[in-house]
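Working notes, beginning with the structure itself.
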Amino acid sequence: MNDLPVILRSSVIVFISLLLGSLILSVLISSAGLGLLTNISLYVNSLIFSLIVTVIVTLALIFRCLKGLILLVVFSFLYIPMIILIVYSFNSSRLVTVWAEFSTKWYFELMHNEELFKAVGLSLAIAACAASFATVLGTLASYAIVRFKQFKGANLFSFMTTAPLVMPDIITGLALLLLFVGMGQILGWPKDRGAITIWMAHTTFCMAYVTVVISARLRELDKSIEEAALDLGANPLKVFFIITLPMIAPALVSGWLLAFTLSLDDVVIANFVTGPGAMTLPKLIFSKVKLGVDPQVNALATIILLIVGIIGFISWLWMRKTERRKINETRMH
Numbered sequence: 001m002n003d004l005p006v007i008l009r010s011s012v013i014v015f016i017s018l019l020l021g022s023l024i025l026s027v028l029i030s031s032a033g034l035g036l037l038t039n040i041s042l043y044v045n046s047l048i049f050s051l052i053v054t055v056i057v058t059l060a061l062i063f064r065c066l067k068g069l070i071l072l073v074v075f076s077f078l079y080i081p082m083i084i085l086i087v088y089s090f091n092s093s094r095l096v097t098v099w100a101e102f103s104t105k106w107y108f109e110l111m112h113n114e115e116l117f118k119a120v121g122l123s124l125a126i127a128a129c130a131a132s133f134a135t136v137l138g139t140l141a142s143y144a145i146v147r148f149k150q151f152k153g154a155n156l157f158s159f160m161t162t163a164p165l166v167m168p169d170i171i172t173g174l175a176l177l178l179l180f181v182g183m184g185q186i187l188g189w190p191k192d193r194g195a196i197t198i199w200m201a202h203t204t205f206c207m208a209y210v211t212v213v214i215s216a217r218l219r220e221l222d223k224s225i226e227e228a229a230l231d232l233g234a235n236p237l238k239v240f241f242i243i244t245l246p247m248i249a250p251a252l253v254s255g256w257l258l259a260f261t262l263s264l265d266d267v268v269i270a271n272f273v274t275g276p277g278a279m280t281l282p283k284l285i286f287s288k289v290k291l292g293v294d295p296q297v298n299a300l301a302t303i304i305l306l307i308v309g310i311i312g313f314i315s316w317l318w319m320r321k322t323e324r325r326k327i328n329e330t331r332m333h
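Under full-length UniProt numbering, the first residue of the sequence shown carries the number 1, and numbering increases by one thereafter.
Quick look at the structure:
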């Protein structure tokens with residue numbers, strides 16, 4: 001029962017963040033004849049489904065015997081669509097929703113699609129840069145929030161840093177668009193909206209997620225270790241790089257991967273802050289969705305899933321090894 005307030009707070013955050021974002025996505029992926037009323041109906045149905053899932057999770061917390069059932073439902077909801085995507089990437093039919101026969105031709109044709117590969121390269125470059133800068137800024141912000149709680153305006157700084165978490169993407173995109181237009185008129189930069197503006201926008205909203213991840217890890221650390229190093233004569237900068245950073249390394253990796261995924265997946269904000277010259281993979285897919293999704297996209301998505309799965313598995317092994325080493329060191333002391 002102690003987890004119920006956390007569930008309610010999480011539900012409010014998700015509801016606010018999807019309030020406008022889901023509407024814009026439904027417009028992008030709907031057929032040409034789908035009107036606003038149908039979109040609202042779809043949104044209401046999705047909200048009802050979310051409430052049902054919330055009730056199931058709450059019952060699982062109250063009645064421990066339902067743990068296995070809720071675990072099965074959650075994993076099915078997460079991974080069955082991915083399995084279907086992988087299966088249909090080997091479909092010979094040009095219609096992505098109609099199965100014909102097993103074939104690998106879309107993987108071979110994918111190798112000759114320069115437009116798709118260019119979009120993938122741009123998306124990966126922007127995601128890597130945005131994740132790296134967001135991790136640096138998020139680390140500094142989380143350190144200030146957790147370690148320097150007493151400075152004037154600390155609560156306001158914490159709120160402003162994490163505000164993008166509950167801000168709908170459409171509002172964030174519109175605000176950043178107005179910012180870049182104003183900067184172009186006053187400062188003369190950026191002259192053209194493209195990869196640079198996407199990178200800046202992604203760094204802005206990804207930083208909030210990284211800050212939350214690293215702040216949670218910093219709050220778990222024993223401050224006495226840092227204080228002991230300071231008492232022995234080490235300066236704060238040396239303590240941060242030699243003691244604090246290695247201890248929060250798993251959180252840094254998790255934050256970077258989360259920011260990378262969010263940047264790679266974004267389409268709403270990117271549509272606001274860029275022109276036709278910079279075409280990321282999500283923008284390319286959504287620009288063609290009205291005419292029907294190219295089956296090559298299924299093949300590309302399967303390859304991306306494989307790469308992300310390998311990276312995630314390696315990161316999990318590394319973090320598990322790090323945690324075991326820390327436990328062994330603690331037992332030795």
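For glycine and all other residues, C-beta sits at the position ideal for the given N, C-alpha and C. Note that this is a predicted model, so its numbers are computed, not measured.
Let me confirm a value: residue 222 is counted as buried when at least 16 other C-beta atoms fall within 10 Å, else exposed. Which label applies?
Walking along the sequence shown from the start, residue 222 turns up at place 222. Per the 10 Å Cβ criterion, exposed.
Return the chain-ordered list of same chain residues with a C-beta closer than 7 Å to the C-beta of residue 142, the five sequence neighbours on each side being excluded.
Counting from one through the sequence shown, the residue named residue 142 turns up at place 142. These residues qualify, in order along the chain: 211, 214, 215 and 218.
Backbone CA spacing between residue 285 and residue 293 [nearest angstrom]:
Along the sequence shown, one-based indexing puts residue 285 at 285. Along the sequence shown, one-based indexing puts residue 293 at 293. One C-alpha to the other measures close to 7 Å.
Backbone CA spacing between residue 206 and residue 102 [nearest angstrom]
Here residue 206 refers to the residue found at position 206 of the sequence shown. Here residue 102 refers to the residue found at position 102 of the sequence shown. Their Cα atoms are separated by approximately 39 Å.
Separation of residue 252 from residue 139, as counted between CA atoms
To locate residue 139, count along the sequence shown from 1; it is residue 139. To locate residue 252, count along the sequence shown from 1; it is residue 252. Each residue's Cα considered, the two are about 8 Å apart.
Compute the distance between the beta-carbons of residue 272 and residue 170, then report whether it is under 9 Å.
As a position in the sequence shown, residue 272 is number 272, starting the count at 1. As a position in the sequence shown, residue 170 is number 170, starting the count at 1. Closer than 9 Å, so yes.
Go ahead and label residue 181 buried or exposed: buried means 16 or more other beta carbons lie within 10 angstroms of its beta carbon, across all protein chains shown.
For this step, residue 181 is matched to residue 181 along the sequence shown. Residue 181 comes out exposed.
Look at the alpha carbon of residue 198 and the alpha carbon of residue 110, and state the distance between them as a whole number of angstroms.
Mapped onto the sequence shown, residue 198 falls at position 198. Mapped onto the sequence shown, residue 110 falls at position 110. Answer to the nearest angstrom: the Cα atoms are 26 Å apart.
Residues near residue 125 in its chain [Cβ-Cβ closer than 8 Å; skip 5 each side]
Reading the sequence shown from its first residue, position 125 is the one you call residue 125. Taken in chain order, the residues that qualify are 195.
How would you call residue 266, buried or exposed, if buried means at least 16 neighbouring beta carbons within 10 angstroms?
In the sequence shown, the residue the question calls residue 266 occupies position 266. With 16 or more other Cβ atoms within 10 Å, it is buried.
Measure the CB-CB distance between residue 89 and residue 299 and report whether it falls below 9 Å.
The sequence position of residue 89 within the sequence shown is 89, counting from 1. The sequence position of residue 299 within the sequence shown is 299, counting from 1. Closer than 9 Å, so yes.
Taking only the alpha-carbon atoms, compute the straight-line gap between residue 246 and residue 220 and give it to the nearest angstrom.
Start at 1 with the first residue of the sequence shown, and residue 246 comes out as number 246. Start at 1 with the first residue of the sequence shown, and residue 220 comes out as number 220. Taking the straight line from one Cα to the other gives about 14 Å.
Output the distance between the C-alpha atoms of residue 263 and residue 95, rounded to the nearest integer angstrom.
Stepping through the sequence shown from its first residue, residue 263 is reached at position 263. Stepping through the sequence shown from its first residue, residue 95 is reached at position 95. So the two alpha carbons sit approximately 29 Å from each other.
Beta-carbon within less than 6 Å of residue 86's beta-carbon, same chain only, minus the 5 sequence neighbours each way: which residues are those?
Taking the sequence shown and counting its residues from 1, the one referred to as residue 86 is at position 86. Cβ within range, chain order: 302.
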